[in-house]
Amino acid sequence: MVKITVLSGGVGGARFIRGLRHELRQTRPDRAGGTTESVTAVVNTGDDMWLASLRIAPDLDSIMYTLAGANDEERGWGRLGETERVSAELRSYGVGWPWFTLGDLDLGTHIARSHYLRSGLSLSEATARITARWDLGVRLLPATNDEVETHVTVDDGSSMHFQEWWTKHRAALRARSFVQSNVSVSRPAPGVLEAIAAADVIVLAPSNPVVSIGTILGIPGIRAAVAAASAPVIGVSPIIAGSVVRGMADACLEAIGVATSAYAVAAHYGARSSGGLLDAWLVDESDAAAVPAIELLGIRSAAVPLWMRDLETSATLARDTLSLAFARG
Ligand code: GDP
Ligand code: CA
């Protein structure tokens, strides 16, 4: 059995993991319609928050809904066939954030999670219970059970929760820095370090390098575990031809002084051979010219199609990821 551990944010990571599952089901099927390989996703929890007394975990839910086939593909997030009656009521009461709509079906997930947390379960235990409902074929682990939430400091010096910066302000306020509250005293959730140490391959998903992957790596112990892992570490660029595919990674990268390019993000993660994290880095075909420079950093690289347009293109990307990871350097 090949053990694949993926560090992941929400939407970009979810698409990649769904493609990976599809690829494994085709090439390594088991008798039950699953796969003989095991995939563990270590998921960013920096976007999580309490809202209207409910614990919201956007990245865990994006992956869960996507793998369950229950996500709204057109809108790109949330549940398929969603309604917003409860949110309208909450707005009338002035409860929650008027600009942050929680769908009715989605609220069911948040109520279930909050129920488990209030019953004394950890976020990983709550996640295990919630994901058990669906046939995901992938184990989802929150990166940490501690409440480590990303806050953004903007130009005028004020600070707000990442969700407010992104959803209310659409990342239009220039970000100066991203700070994860309480990160220094947080611990990786049970199973996270083990999934990294026991992996046969570790993938940094095409997720936001700052507020998704960066947040996971900032939890004490995780970066060191990836750097010390025996498995090859391969990353997939979330940047294609100098642009983000969707989202606000460009604004996040600017705040940490990293250019929005496949090369710059590879250099930011760094080569494992020189104290960084990567053995290999996949870039899009349109960034093929960057491959020699990335290899000069000590990172094996290849250019393949990185657009995850549908299940097939995502599965092909997963296949390319595994083959570059296991290629002899
Ligand atoms: P979020 O938590 O929902 O923001 O999602 P992630 O952090 O997992 O992923 C966001 C990143 O995914 C963005 O920087 C996008 O550029 C990247 N992304 C989204 N779709 C694609 C795609 O089809 N291909 C690649 N290579 N990157 C993508
Ligand atoms: Ca996210």
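All the letters of the sequence shown, read from the start, carry residue numbers 19 to 347 under our numbering.
Each residue gets a CB set at the ideal place from its N, CA and C atoms; glycine is no exception.
Rounded straight-line distance, which links the Cα of Leu69 to that of Trp115: Taking the sequence shown and counting its residues from 1, one reaches residue 115 at position 97. Taking the sequence shown and counting its residues from 1, one reaches residue 69 at position 51. Their Cα atoms are separated by approximately 8 Å.
Test item, CB below 5 Å from any non-hydrogen atom of ligand 2: Gly27, Gly28, Asp65, Asp77
Segments assigned beta strand (DSSP E), at least 3 residues, entirely inside the segment 128-212: 157-160, 168-172, 177-179, 193-198
Alpha carbon of Pro238 to alpha carbon of Ser202, nearest angstrom: Against the sequence shown, residue 238 aligns to sequence position 220. Against the sequence shown, residue 202 aligns to sequence position 184. Roughly 7 Å separates the two Cα atoms.
Thr233 (DSSP reduced to helix, strand or coil): Working through the sequence shown from its first residue, we reach residue 233 at position 215. In the structure shown, Thr233 sits in a helix (DSSP, three-state: H, G or I).
The segment 36-44 in contact with the segment 206-214 per 3-pair CB rule at 8 Å: no
Reference Val20; option with closest CA among Ser204, Phe34, Ser56, Val263: Reading the sequence shown from its first residue, position 2 is the one you call residue 20. Per the Cα distances, Ser56.
Cβ pair count under 8 Å reaching 3, the segment 253-264 against the segment 221-228: yes
Reference Ser341, options Asp268, Glu182, Asp297, closest by Cα: Your numbering for residue 341 matches position 323 in the sequence shown. The candidate whose alpha carbon is nearest that of Ser341 is Asp297.
The alpha helix (DSSP H) enclosing Val309, as first and last residue numbers: Walking along the sequence shown from the start, residue 309 turns up at place 291. From DSSP, the alpha helix (DSSP H) with Val309 extends over 309-314.
Inter-stretch contact (C-beta, 8 Å, three-pair minimum) for the segment 155-174 and the segment 53-67: yes
Proximity test, Leu158 beta-carbon vs ligand 4 heavy atom, cut-off 6 Å: Ligands present in the displayed structure are limited to ligand 1 and ligand 2, and ligand 4 is not among them.
Contact set for Leu7: own chain, Cβ-Cβ below 6 Å, skip 5 residues either direction: Only positions 19 to 347 of the chain appear in the structure, and residue 7 is not among them; the question remains open.
Local conformation of Leu295 per DSSP, three classes: Your numbering for residue 295 matches position 277 in the sequence shown. Residue state, collapsed to three classes: coil.
Proximity test, Gly265 beta-carbon vs ligand 1 heavy atom, cut-off 6 Å: Taking the first residue of the sequence shown as position 1, residue 265 is located at position 247. Yes; taking the cut-off as 6 Å, the Cβ of Gly265 has a heavy atom of ligand 1 nearer than that.
Arg226 Cβ short of 6 Å to ligand 1 heavy atom set: For the purposes of this step, residue 226 is taken as residue 208 along the sequence shown, with counting starting at 1. One detail in the question is off: residue 226 reads as Asn in this sequence, not Arg. Answer for Asn226: yes, Cβ within range of ligand 1.
Cutoff 6 Å; reference Thr185; Cβ partners in own chain excluding five residues on either side: For this step, residue 185 is matched to residue 167 along the sequence shown. Only Phe118 meet the Cβ criterion.
Ordered list of alpha helix (DSSP H) runs contained in the segment 66-92, each at least 4 residues: 76-86
Residue of Ala345, Val29, Asp153 minimising C-alpha distance to Leu78: In the sequence shown, residue 78 corresponds to position 60, counting from 1. The shortest C-alpha separation from Leu78 is found at Val29.
Collapsed DSSP secondary structure at Gly25 in the structure displayed: As a first step, residue 25 is located in the sequence shown; it is residue number 7 there, counting from the start. The amino acid at residue 25 is misidentified as Gly; the sequence shows Leu. In the structure shown, Leu25 sits in a strand (DSSP, three-state: E or B).
Close-in-space but distant-in-sequence residues of the same chain around Ile35 (CB under 8 Å, 5 per side omitted): By 1-based counting over the sequence shown, the position of residue 35 is 17. Only Val24, Ser26, Val57, Ala59, Ile81, Thr84, Leu85, Val156, Ala223 meet the Cβ criterion.
Closer than 6 Å: Met326 CB and nearest ligand 1 heavy atom: The residue labelled residue 326 in the question sits at position 308 within the sequence shown. The answer is yes for Met326.
Collapsed DSSP secondary structure at Arg318 in the structure displayed: In the sequence shown, the residue the question calls residue 318 occupies position 300. In the structure shown, Arg318 sits in a strand (DSSP, three-state: E or B).
Closer than 6 Å: Gly52 CB and nearest ligand 1 heavy atom: For the purposes of this step, residue 52 is taken as residue 34 along the sequence shown, with counting starting at 1. False, no ligand heavy atom lies under 6 Å from that Cβ.
Best match in Arg73, Ala193, Ile148 for proximity to Ala273 [C-alpha to C-alpha]: Translated into the one-based positions of the sequence shown, residue 273 becomes position 255. Of the listed residues, the one whose Cα sits closest to Ala273 is Ala193.
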